[in-house]
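To start, the structure under review is shown below, and the notes come after it.
Protein chains: 2
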Amino acid sequence: MKSPRIVIVGAGFGGLQAAQSLANSGADVLLIDRHNYHTFVPLLYQVATSQLEPEYIAYPIRTILRRFSGKRHNGKPKVQFCMAEVERIDFTAQIVKTDDAAIAYDFLVMATGCQAQFLEVHGAAEYAFALKTLKQAVALRNQIISCFERASQETNRLRREQLLTFVIVGGGATGVEMAGALVEMLRGKLRQDYPTLDIEQVRLFLVQSGDRLLTELPQKLGVYTYKKLRQLGVKIYLQTKVSEVTPGSVHLQNHEVIPSATVIWTAGLEANSPETSEELATAKKGKLVVHPTLQVLEQPNVYAIGDLAYLEQNGKPLSGVAPEALQQGVAVARNIQKQLQGKAPKPFSYFNKGRLAIIGCHSGVGKIGNFTFTGCLAWLMWLGVHLVYLPGYRSRLLVLLTWLYTYLLGDRAVRLLLSM
Amino acid sequence: MKSPRIVIVGAGFGGLQAAQSLANSGADVLLIDRHNYHTFVPLLYQVATSQLEPEYIAYPIRTILRRFSGKRHNGKPKVQFCMAEVERIDFTAQIVKTDDAAIAYDFLVMATGCQAQFLEVHGAAEYAFALKTLKQAVALRNQIISCFERASQETNRLRREQLLTFVIVGGGATGVEMAGALVEMLRGKLRQDYPTLDIEQVRLFLVQSGDRLLTELPQKLGVYTYKKLRQLGVKIYLQTKVSEVTPGSVHLQNHEVIPSATVIWTAGLEANSPETSEELATAKKGKLVVHPTLQVLEQPNVYAIGDLAYLEQNGKPLSGVAPEALQQGVAVARNIQKQLQGKAPKPFSYFNKGRLAIIGCHSGVGKIGNFTFTGCLAWLMWLGVHLVYLPGYRSRLLVLLTWLYTYLLGDRAVRLLLSM
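Protein chains in written order, with this note's numbering: chain H, 1 to 420; chain C, 421 to 840.
If you want it as structure tokens, here you go:
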């Protein structure tokens with residue numbers, strides 16, 4: 001009897017976990033992604049600030065799936081990988097159409113994540129730098145280094161200031177960690193690299209539309225973060241929106257114009273939905289509405305997880321962090337196996353182990369249950385938790401060595417203009 | 421009194437060494453390169469075969485020059501770096517014109533190295549993969565991985581064979597090490613990554629125009645290398661030239677056509693000469709003819725070193741290896757200082773400490789004086805010497821860890837399709 005075929009689209013945290021959790025389901029599992037590697041997204045900002053090599057956070061999917069390469073009874077490997085771009089999903093025919101083939105499925109897991117959204121701000125998509133993919137992180141790194149290179153040769157004072165002004169739009173975790181990492185970069189050995197440049201001329205701005213930073217965390221943590229970044233020299237604008245981005249400046253809604261060659265966009269995200277034969281119900285940011293079981297409405301054999309799916313818990317939408325996607329990956333695998341056994345899927349409930357956010361310069365914030373904490377402990381915990389979550393011992397060793405190098409020697413080794 | 425200005429174009433082995441050796445000359449030293457990093461070229465083939473991260477062999481020039489950032493008596497750093505593309509050199513006005521500025525010099529060192537030359541073979545420049553720059557090494561790595569990805573999904577047998585056939589053109593050190601490294605790659609954990617692919621289907625070809633491999637080394641070493649590679653499964657064509665390269669095949673002058681999606685070009689090099697106001701005398705491969713003092717003919721204050729210069733010793737041209745460029749960098753610094761003191765420059769003489777070439781699979785060849793040796797000792801010596809020559813302790817540690825990982829675990833971690 002032919003094994004049922006489960007297709008998973010997207011090898012982010014959710015999709016990859018689902019594939020691994022389904023390895024012993026007895027079904028044929030096929031994982032599809034447009035890249036042949038999984039990106040450890042939480043450390044993208046460290047690639048962008050020349051701290052980590054891009055390869056340290058990009059894991060060949062085939063290597064991760066290697067332990068499932070043992071054959072099952074029908075001679076096929078338990079989990080297969082296919083590198084392809086998904087063009088369209090036909091729910092009626094139950095086919096995933098890629099740039100290369102038409103793949104039939106019995107069960108489908110959509111885990112294509114999210115991408116930067118520019119909130120219809122004029123010029124943002126063309127001139128601002130997003131930070132959601134590895135390619136974007138490397139482009140941003142090259143931009144930052146390029147600005148220092150050009151500034152060191154620039155005789156025009158205004159132009160030099162523009163090159164040395166960095167504006168981060170968005171005061172969530174990504175914006176905050178970028179700001180802190182840029183401060184760390186400036187405080188390190190950068191001065192010795194640019195002896196003709198006055199590093200004091202560098203200006204960092206953080207523009208947040210809300211009334212505090214880190215709105216997904218309790219207010220006092222947002223206030224701590226604000227004070228810490230101010231102390232580190234970052235100029236913070238709260239309750240301020242961006243109205244336009246040009247190649248050399250950012251315009252705020254309060255009519256202020258900041259000349260800057262580098263505007264870093266962390267302010268908006270939207271779901272990365274593949275094209276489908278029938279339109280699916282969506283919520284905020286284009287995320288797909290799902291049943292508590294993670295099944296897509298009207299399609300009982302199709303699931304959506306991770307940043308692609310809209311889920312609420314205790315009346316609030318989930319934050320969009322890796323542990324949520326990982327738990328959903330496990331849950332969807334369990335639910336599909338229930339369906340294979342003719343049983344009903346169970347609703348998903350996220351077990352919140354806590355939340356951490358890194359600021360930088362030995363500082364961070366955290367919340368576990370009702371207990372909040374700040375400072376060096378939160379900083380170390382953030383680093384430690386992410387070290388543990390990295391796939392594989394090789395990566396953990398290399399990233400740990402790099403962090404020791406950075407934090408003990410104050411140096412960043414990847415100050416390279418290598419384009420991708 | 422204004423210090424004399426020495427401009428060095430090109431931060432390869434020769435140019436970078438010259439800059440460091442001139443740091444205490446009392447002159448203003450300016451090093452120019454189109455990239456902000458120095459590439460450790462001998463290990464490019466390991467980037468191409470997914471063994472090393474590109475960043476491990478790309479060193480930020482500013483970091484290397486950091487110890488010269490101390491100021492001299494006129495307030496300027498001893499050695500400055502400028503990232504720019506040199507467009508033209510005007511010998512009469514003594515100006516180096518870049519894409520950004522016009523830089524006056526009192527002394528000039530041209531160290532722009534060499535690039536791949538396609539020997540007027542039809543299609544080679546468009547379809548073959550060269551291996552002289554980091555960008556090319558990464559492109560080749562992506563091509564190799566891409567071929568395995570596509571082959572694992574390819575149902576057409578002929579097309580699959582084409583994807584799994586790799587042809588190396590050129591049987592010098594670079595061609596030999598690429599062939600050996602590809603064999604190492606295939607013998608490693610690749611099978612587990614592609615469980616549906618029959619790795620035995622992979623075919624490796626090495627095409628050499630001369631009558632033996634490694635013509636710059638004694639005949640018996642060439643014979644040993646030939647036998648070793650044949651043992652490893654590489655099909656070698658001696659006294660064979662390529663007549664054409666197409667997107668899917670390589671045509672040999674003996675009328676044989678090998679279907680292959682990946683033709684790796686290591687067969688020809690030519691000097692990378694900048695445009696100059698007066699034409700300079702050139703020898704084979706467009707290399708500039710220089711006096712034994714390394715001064716360019718007719719331009720007593722202009723020097724050419726490294727792969728850009730044509731030099732003979734004992735009636736034979738120098739090979740074009742890193743130690744030659746390093747010694748020339750030291751020599752040119754000494755000669756310029758002599759000129760600054762009103763003395764005559766001295767002729768350069770290369771002190772040949774020996775020559776090593778790596779084959780792979782724990783095998784290599786070497787020659788020190790009249791003594792030749794082969795096998796594991798030569799292999800270990802090659803690795804050891806290159807480890808010592810790497811700039812900086814961080815790089816040495818990371819490369820050493822990677823080699824231990826590869827050779828003890830048989831794995832290659834950088835099997836990523838990340839484009840540059």
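We treat Cβ as the ideally placed atom computed from N, Cα and C, and that holds for glycine. From a predicted model like this one, the values you see are computed outputs, not experimental measurements.
Delimiting residues of the alpha helix (DSSP H) encompassing residue i
i: Phe433(C); result: 433-441
i: Lys343(H); result: No alpha helix (DSSP H) holds Lys343(H); DSSP gives it neither H nor E.
i: Tyr465(C); result: 464-468
i: Thr794(C); result: Unbroken run through Thr794(C) is the beta strand (DSSP E), 791-795; no alpha helix (DSSP H).
i: Ala137(H); result: 134-153
i: Thr225(H); result: 219-231
i: Ala124(H); result: 124-127
Reference residue i; option with closest CA among the options
i: Val202(H); options: Phe148(H), Ala124(H), Glu216(H); result: Phe148(H)
i: Phe625(C); options: Leu637(C), Lys517(C), Phe586(C), Asp613(C); result: Phe586(C)
i: Val427(C); options: Gly490(C), Thr518(C), Leu472(C), Thr469(C); result: Thr518(C)
i: His35(H); options: Tyr405(H), Ile61(H), Ala27(H), Glu216(H); result: Ile61(H)
i: Gly66(H); options: Val79(H), Tyr56(H), Glu55(H), Pro54(H); result: First, the amino acid is wrong: residue 66(H) is Arg here, not Gly. Answer by Cα proximity: Val79(H).
i: Ala795(C); options: Ile725(C), Val785(C), Leu803(C); result: Note that residue 795(C) is Gly in the sequence shown, not Ala. Nearest C-alpha to Gly795(C): Val785(C).
i: Ala116(H); options: Ile336(H), Lys285(H), Ile358(H); result: Lys285(H)
i: Gly170(H); options: Glu216(H), Asn156(H), Arg160(H); result: Glu216(H)
i: Thr262(H); options: Lys346(H), Glu177(H), Ile168(H), Arg396(H); result: Ile168(H)
i: Gln440(C); options: Val461(C), Val750(C), Leu610(C), Leu700(C); result: Val750(C)
i: Ile305(H); options: Asn335(H), Thr63(H), Asn314(H), Gly188(H); result: Asn335(H)
i: Leu326(H); options: Leu288(H), Ile258(H), Gly14(H), Asn370(H); result: Gly14(H)
Inter-residue Cα distance where the pair is residue i and residue j
i: Val296(H); j: Trp403(H); result: 41 Å
i: Lys343(H); j: Val302(H); result: 16 Å
i: Gln239(H); j: His251(H); result: 14 Å
i: Asp631(C); j: Ile684(C); result: 20 Å
i: Gln136(H); j: Ala431(C); result: 28 Å
i: Gly268(H); j: Ala128(H); result: 12 Å
i: Glu604(C); j: Gly780(C); result: 7 Å
i: Ala571(C); j: Gln612(C); result: 15 Å
i: Ser629(C); j: Arg394(H); result: 42 Å
i: Thr702(C); j: Ala545(C); result: 23 Å
i: Leu584(C); j: Ile564(C); result: 9 Å
i: Ala447(C); j: Ser783(C); result: 46 Å
i: Ser50(H); j: Ala181(H); result: 10 Å
Element boundaries [beta strand (DSSP E), containing residue i]
i: Asn721(C); result: 719-724
i: Tyr37(H); result: 37-39
i: Cys502(C); result: 499-503
i: Ala691(C); result: 689-691
i: Val529(C); result: 527-530
i: Ser669(C); result: 669-672
i: Gln51(H); result: Segment: none, Gln51(H) is in no beta strand (DSSP E) and carries neither H nor E.
i: Gln535(C); result: 534-536
i: Glu244(H); result: 242-246
Backbone secondary structure at residue i - three-state DSSP
i: Gly180(H); result: helix
i: Gly786(C); result: strand
i: Leu485(C); result: helix
i: Phe511(C); result: coil
i: Leu407(H); result: Correcting the residue type first, residue 407(H) is Tyr in the shown sequence and not Leu. In the structure shown, Tyr407(H) sits in a helix (DSSP, three-state: H, G or I).
i: His806(C); result: helix
i: Ile359(H); result: coil
i: Arg187(H); result: helix
i: Ser769(C); result: coil
i: Leu163(H); result: helix
i: Gln747(C); result: helix
i: Asp618(C); result: coil
i: Val683(C); result: strand
Listed in chain order, which residues of the segment 561-576 of chain C have Cβ atoms closer than 7 Å to some Cβ of chain H?
-> Ile565, Glu569, Gln573
What are the residues of the segment 11-44 of chain H that lie near chain C, defined by any Cβ-Cβ distance shorter than 8 Å?
-> His35, Asn36, Tyr37
Note down, in chain order, all residues in the segment 97-114 of chain H with a beta-carbon under 9 Å from any beta-carbon belonging to chain C.
-> Asp100, Ala101
Between the segment 599-629 of chain C and chain H, which residues of the former have CB atoms less than 8 Å from a CB of the latter, in chain order?
-> Lys609, Gln612, Asp613, Tyr614, Pro615, Thr616
Going along the chain, which residues of the segment 469-483 of chain C sit with their C-beta nearer than 7 Å to a C-beta in chain H?
-> Glu473, Pro474, Glu475, Ala478, Pro480, Arg482, Thr483
Residues of the segment 819-835 of chain C whose Cβ lies closer than 7 Å to any Cβ of chain H, in chain order = Within the segment 819-835 of chain C, the residues whose Cβ lies closer than 7 Å to some Cβ of chain H are Tyr825, Ala833, Val834, Arg835, listed in chain order.
Members of the segment 496-507 of chain C near chain H, C-beta cut-off 9 Å | Lys496, Pro497, Gln500, Phe501, Cys502, Met503, Ala504
With 8 Å as the limit, tell me which residues of the segment 575-590 of chain C have their beta carbon closer than that to any beta carbon of chain H; keep them in chain order.
-> none
Determine which residues of the segment 795-816 of chain C have a Cβ less than 8 Å from any Cβ of chain H, and write them out in chain order.
-> Arg814
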